[in-house]
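So that you can map any letter, position 122 of the sequence shown is 130 in my numbering, and since no number is skipped, the others follow by simple counting.
What follows is a short report on a single structure.
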Amino acid sequence: MLQSNEAFRAPVRIFSEDDHGTWAAISAIHRKRRAAQLVPMFLRGLHALGLDTDRIPSLEEVNAKLTFLTGWRGVYVKGLEDGQGFYKLLRDRKFPIGNFVRDRKDLNYTPAPDVVHDLYGHIPFHADEAYADYCQRYGELACQFLDDPLRLRRLERYFWFTNEFGLVQTAEGRRIFGAGIASSVGECTYALSGEPEVVPFDVERICAQEFRIDQMQPRLFLLDSVEQLYAAFPTLDAVVRD
Numbered sequence: 009m010l011q012s013n014e015a016f017r018a019p020v021r022i023f024s025e026d027d028h029g030t031w032a033a034i035s036a037i038h039r040k041r042r043a044a045q046l047v048p049m050f051l052r053g054l055h056a057l058g059l060d061t062d063r064i065p066s067l068e069e070v071n072a073k074l075t076f077l078t079g080w081r082g083v084y085v086k087g088l089e090d091g092q093g094f095y096k097l098l099r100d101r102k103f104p105i106g107n108f109v110r111d112r113k114d115l116n117y118t119p120a121p122d123v124v125h126d127l128y129g130h131i132p133f134h135a136d137e138a139y140a141d142y143c144q145r146y147g148e149l150a151c152q153f154l155d156d157p158l159r160l161r162r163l164e165r166y167f168w169f170t171n172e173f174g175l176v177q178t179a180e181g182r183r184i185f186g187a188g189i190a191s192s193v194g195e196c197t198y199a200l201s202g203e204p205e206v207v208p209f210d211v212e213r214i215c216a217q218e219f220r221i222d223q224m225q226p227r228l229f230l231l232d233s234v235e236q237l238y239a240a241f242p243t244l245d246a247v248v249r250d
């Protein structure tokens, strides 16, 4: 029997001054670089939701703005959300927020998604209506395969190399689209350094591309535009079902 995703909900955490200090340290570094690194959509969402701060924002206040814009909301979770719970949340226009903060000794790494990765990295994208609608459709598709590990793995790979670690070509040059990169100081620099292999966006290839979570990604996929991701949804549906 599948466990309800409500079982993973966590109470609102009262963050310590050390937690706020870690957020502030990461924000200060990103603030100097993100206009030249991140896709404009991210920057718009960051400011619209009041996330460009030196203290961890109130999730309640962020949700009030986010729900008004796109009908989404963040929910605190106890730790790493399993696939079952994660996809059900996306289907319901909710995004899990890890209610802890990474160790300040290593601002680049966290063993599970923390409040920086989720609230700073992911949530700004959900202030964009087209992106928000796409993510709900993705969640609805994934929920059709919760008992099909093979097809669910294809969807996991796709999310990883687009929503988490995607790049996009813009008029100003190559920019970071994935939240997994956006939330990490080191990943931002690495992804645009020329060191990783960057290959054109290809649905079938992405769905077959394995990944590791404990290293910088040696291969990244480049979208011609954000709209290319949305337009590829019928192809994703077909590849997953094949």
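Ideal placement from N, C-alpha and C gives every residue a C-beta, glycine not left out.
- Taking C-beta atoms as the reference points, LEU175 and PHE167 fail to come closer than 9 Å.
- Counted as a single uninterrupted DSSP element, the stretch harbouring GLN217 is not any alpha helix (DSSP H), since DSSP gives it neither H nor E.
- With a cutoff of 9 Å on beta-carbon distance, HIS130 and SER192 are scored as not near each other.
- When the five nearest sequence neighbours on each side are left out, the beta carbons in the same chain lying within less than 6 Å of the beta carbon of LEU127 are those of ILE105, in order along the chain.
- Residue pairing from DSSP places VAL176 in a beta bridge opposite ARG183, LEU231.
- The region 19 to 88 is shown to contain whole alpha helix (DSSP H) runs of 4 or more residues at 25 to 45, 48 to 56, 67 to 78, in chain order.
- Annotation: the continuous alpha helix (DSSP H) that includes PRO157 extends over 157 to 167.
- For GLU148, the enclosing alpha helix (DSSP H) covers residues 137 to 150.
- The residues PHE241, in chain order, have a CB closer than 8 Å to that of ARG145 in the same chain once the five nearest residues on each side in sequence are set aside.
- Considering only THR243, ARG39, GLU69, the residue with the shortest C-alpha distance to CYS196 is ARG39.
- DSSP places PHE241 inside the alpha helix (DSSP H), whose first and last residues are 241 to 249.
- By the neighbour-count criterion, in which 16 or more other beta carbons inside 10 Å mark a residue as buried, PRO226 falls on the exposed side.
- For VAL109, same chain residues with a beta-carbon under 6 Å away, outside a window of 5 residues either side, are ASP27, THR30, ASP122, VAL123 in chain order.
- Nearest C-alpha to PHE169 among THR118, VAL206, PHE153: VAL206.
- The continuous alpha helix (DSSP H) containing GLU195 extends over residues 193 to 199.
- Between ALA135 and GLY53 the beta-carbon gap is near 4 Å, inside 8 Å, which marks them as a contact.
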